[in-house]
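Numbering (my numbering), first residue to last: 35 to 709.
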């Protein structure tokens, strides 16, 4: 390694040399604000003769040579500053009157003489940037909406409005210095990837996508880099765009490892996975390209099969990204491995959507779904010799308990008839009604164009008080936002507060069947809303079926003696005594429900004391745990936290279940109860 300081223009001076921005680097993307600061630093030097220099920053490079050439500088860090300097030189070239000065700029900093065409121009940027730069340099054209052209125009503007002349600015540029770090090619301890990561940790602020791309390409030869970039990475970017790539990689790793990487550690996990499996850059890129195509279809469904497209669109509208790791695996089994038929593929998507929609309707927490879908593929593979993929998915989802439960019909019905679904999740309301319309009318509803209409208005008007009768105020409060009082319309609310008879005149001409059907009602009151809610509930059952033989899933189990139960089981423990707690395969004998709770909390504290001490801040545990004993009825101190012990057996069992969910230990905690 060699390091030191050098004048920037001296660094760019060597004849027959090129400054190559490798394909793995991100495109030129300096903002107007960054360009302004860069220019004003130089302008300040130009207007103040006493300033002898200014450090622009660091440039890290690897230098190599070619026959009949000077040096090939491969820029590891500093490409944004280098590119902006070339743009400023071009702007000054076009602003200076002296032909001699213009000729010096061109021959010194832009062109190499007597070299192969590939090395004629000193700056070799990534492909799109190179086209824009050469268009500017050779043809003086800068009309594209690219950063290269936009920032060039900005520099021209700044030069024209500067108090310094173009000659003064050029002289000032000659005073700019950089810190250079030259890495020796082939030296293991000077691995560009390691240096690059170190620079990023000190503020280079690259995205996870940048880091992953650089990791895959940086240590390859330039020709191999070009091949991998053009044939794989560029296609992945076209499928997904840079902003989606980190999410894709995270879901890809979850699919491959059955573990969910931390969002802030995707890059580290990706490196570990690649090294552990001894994968070459081309092997992993080939696989990423295949799965990125699936991911693109999941994000923006465009299947030739409209049923598949609709099921995927439901997942998009529900924003159920937790399903993506399993869906990646499922897509591969369907499209490439041909292990499942189209009918099976549709059936699996249908049961997944039934599970998701039912859970959304009954307002079950979504945090339990991460583990469900990260494990689903592994569970299906375990049974591939004895059970079809479809059968495995159905069995797995229907066997979930606790917070991951597949909601049964009784709970679903109660939510449809009684809960305020509009304010809780109006997008879900629109999705359910749209899907019912598709099922009953076979017409595709434009999800983004339709709006939700309150049949009984959100605002209670005098005419509606008459319509509702004596209990108008109470009935309005109870029923205005339930599903039975909501429909879809194409107009923008001009009918929202009209009487029911006025609305009917509009509804009868609607192109939406579920809205036209409202004309079957003579009046609209709580009974009408209840009856329509029942009808919608039956349609939801058809839309989101659950196998009949498993229709009682989630009912409370009868507790048997000397049997271990997951703390996620729906158990009625009132009047029953706990005998033992099994945590991570270790048994703890207990003699009361209070003892069970205290034992579990002590284990959690020992497992992760920092997380344990944060528990009282969680809203769901504030009636159980506190930093003081003033807010609790009867408490006991467990490692600096006060624990409410004046609780029923059922409450303690439910809290143990909630704590287990919070710690993501669904498969690790069991209880044995004496009947």
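Virtual Cβ for every residue (Gly too), placed ideally from N, Cα, C.
Supposed contact pair residue j and residue i - C-beta distance, whole angstroms, cut 8 angstroms
| i | j | result |
| --- | --- | --- |
| residue 572 | residue 518 | So it is not a contact: roughly 12 angstroms between Cβ atoms. |
| residue 56 | residue 116 | 13 angstroms between Cβ atoms; not a contact. |
| residue 318 | residue 283 | About 10 angstroms; that fails the 8 angstroms criterion. |
| residue 610 | residue 705 | Actually they are not in contact, since the Cβ atoms of residue 610 and residue 705 sit about 10 angstroms apart, beyond 8 angstroms. |
| residue 129 | residue 193 | 5 angstroms |
| residue 450 | residue 468 | About 16 angstroms; that fails the 8 angstroms criterion. |
| residue 52 | residue 153 | 5 angstroms |
| residue 630 | residue 686 | 7 angstroms |
| residue 577 | residue 473 | 6 angstroms |
| residue 412 | residue 426 | Wrong, their Cβ atoms sit about 10 angstroms apart, outside the cutoff. |
| residue 278 | residue 361 | The pair is not a contact, with the Cβ atoms about 15 angstroms apart (cut-off 8 angstroms). |
| residue 489 | residue 464 | Not a contact, Cβ separation roughly 15 angstroms. |
| residue 76 | residue 157 | So it is not a contact: roughly 19 angstroms between Cβ atoms. |
| residue 215 | residue 37 | 5 angstroms |
| residue 431 | residue 385 | 6 angstroms |
Residue closest to residue i, alpha-carbon to alpha-carbon, out of the options
| i | options | result |
| --- | --- | --- |
| residue 659 | 641, 690 and 640 | 690 |
| residue 64 | 141, 53, 143 and 163 | 163 |
| residue 96 | 185, 136 and 218 | 218 |
| residue 552 | 559, 538 and 135 | 538 |
| residue 126 | 190, 439, 400 and 512 | 190 |
| residue 39 | 387, 90, 48 and 334 | 90 |
| residue 196 | 80, 86 and 186 | 80 |
| residue 460 | 397, 440 and 413 | 397 |
| residue 315 | 436, 298 and 248 | 248 |
| residue 244 | 561, 134 and 62 | 62 |
| residue 298 | 241, 286, 291 and 348 | 241 |
| residue 104 | 146, 493, 66 and 495 | 146 |
| residue 442 | 575, 98, 207 and 183 | 575 |
| residue 561 | 577, 681 and 514 | 514 |
| residue 143 | 439, 87 and 155 | 155 |
| residue 495 | 521, 131, 465 and 530 | 530 |
| residue 713 | 256, 524 and 556 | Outside the displayed range of the chain (35 to 709) lies residue 713, so it cannot be described from this structure. |
| residue 309 | 541, 286, 274 and 250 | 250 |
| residue 273 | 286, 330 and 296 | 330 |
| residue 698 | 457, 409, 480 and 182 | 409 |
| residue 138 | 124, 280 and 151 | 124 |
| residue 311 | 431, 291, 613 and 78 | 291 |
| residue 110 | 392, 58, 501 and 78 | 58 |
| residue 67 | 118, 148, 98 and 48 | 118 |
| residue 653 | 696, 262 and 84 | 696 |
Any non-hydrogen atom of the ligand FMN within 6 angstroms of residue i CB
| i | result |
| --- | --- |
| residue 241 | This structure does not include the ligand FMN; it has no bound ligands of any sort. |
As assigned by DSSP and simplified to three states, the class of residue i
| i | result |
| --- | --- |
| residue 614 | strand |
| residue 83 | coil |
| residue 325 | helix |
| residue 195 | coil |
| residue 111 | strand |
| residue 514 | coil |
| residue 546 | coil |
| residue 586 | Residue placement at residue 586 cannot be trusted, given a pLDDT of 43 that sits under 50; the coordinates are not used to answer. |
| residue 221 | Its pLDDT being 49, under 50, residue 221 is placed unreliably in this model, and the coordinates cannot settle the point. |
| residue 563 | helix |
| residue 435 | coil |
| residue 298 | helix |
| residue 95 | strand |
| residue 620 | strand |
| residue 37 | strand |
| residue 211 | strand |
| residue 501 | helix |
| residue 678 | strand |
| residue 598 | strand |
| residue 44 | helix |
Cβ of residue i within 7 angstroms of any chain D Cβ
| i | result |
| --- | --- |
| residue 153 | Absent from the structure is chain D; it holds one protein chain and no more. |
In chain order, which continuous runs of the alpha helix (DSSP H) of length 4 or greater are located wholly inside the stretch 374-404?
376-395
Counting Cβ pairs, one atom from each stretch, are 3 or more of them under 8 angstroms apart for the stretch 543-562 and the stretch 421-437?
no
Is the stretch 667-681 in contact with the stretch 636-652, if contact means three or more CB pairs nearer than 8 angstroms?
yes
Are at least three pairs of beta-carbons, each pair with one atom in the stretch 312-327 and one in the stretch 263-275, less than 8 angstroms apart?
yes
Within the stretch 333-357, ranges of the beta strand (DSSP E) (whole runs, at least 3 residues):
none
Within 8 angstroms, do at least three Cβ pairs link the stretch 351-364 to the stretch 389-407?
yes
Which complete alpha helix (DSSP H) runs does the stretch 625-654 hold, if anything under 4 residues is left out?
627-641 and 643-648
Would you say the stretch 679-695 touches the stretch 649-668, given that touching needs at least three Cβ pairs under 8 angstroms?
yes
May I have a chain-ordered list of the alpha helix (DSSP H) segments no shorter than 4 residues that lie completely inside the stretch 440-483?
443-452, 455-458 and 460-475
Under 8 angstroms, with one C-beta from each stretch per pair, do the stretch 300-307 and the stretch 377-387 reach the 3-pair mark?
no
Kindly provide the ranges of any alpha helix (DSSP H) runs that are 4 or more residues long and lie completely inside the stretch 135-198, ordered along the chain.
161-173 and 181-194
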